[in-house]
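In the working numbering, the protein residues as written are 638 to 863.
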């Protein structure tokens, strides 16, 4: 299983040999009132979510994490790695989900109860003429159900606020998503804008109403980006 991460580490090493003028690094963090992912609440706690990305032309390598601010929710902590490539509106990649507080060592890549879930993904990111997006992700490792997730969304603008409406589904029986068959697990209406703080700085904020009709739960999540 360690061979799955070998291309990622090789790419990281090769990144240093790329022309420095074409390389881009970006980092930041979000503070969210809840970590709700694909209609599932992780930890029932406000969370800090840092991210670091490296990009070169269409290639992107990144790491993202979510850490609950409530110590009693530490089991919901998550630290992921991903690598992807985009060409025009199309993207392909793979995400490695890692849960550091699960009592499993990082280098345990076993296919049953190991520390990592591996998920290739494909996305169509929309065009000016057709801004709708489509995202498909498929668990290939450490998920006995080989869960398949599909999400479609459409952006729009209301009163100068960037909005989006999206619907996500689990394509079959999945313990990962808590479904017995094809099920809608999240539909969401989201908005984002920037609040002026000074003449030179604006604070990005967002809010999302999320409904999981399968679990019969709803969430209202507020976020601040730094």
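C-beta atoms are modelled at their ideal positions from N, C-alpha and C, and glycine is treated no differently.
Check, Outcome
"Bridge partner(s) assigned by DSSP for residue 839", "833"
"Straight-line gap, residue 784 to residue 776 (C-alpha atoms, nearest Å)", "5 Å"
"Classification of residue 765 by the beta-carbon crowding that lies within 10 angstroms, buried from 16 upward", "exposed"
"Cβ separation of residue 807 and residue 822, assumed to be a contact under 8 Å, to the nearest whole Å", "5 Å"
"8 Å contact criterion, which residue 734 and residue 756 should meet: CB distance rounded", "7 Å"
"Reference residue 694; option with closest CA among 678, 701, 672, 722", "722"
"Nearest residue (CA-CA) to residue 814, options 798, 703, 780", "780"
"Cα-Cα separation between residue 850 and residue 857, rounded to whole angstroms", "14 Å"
"Local conformation of residue 659 per DSSP, three classes", "helix"
"Residue nearest to residue 782 in terms of C-alpha spacing, selected from 825, 812, 831", "812"
"Sub-8 Å separation of residue 683 and residue 673 beta-carbons", "no"
"Whole-angstrom distance between residue 681 and residue 736, CA atom to CA atom", "16 Å"
"Contact check, residue 727 vs residue 761, beta carbons under 8 Å", "yes"
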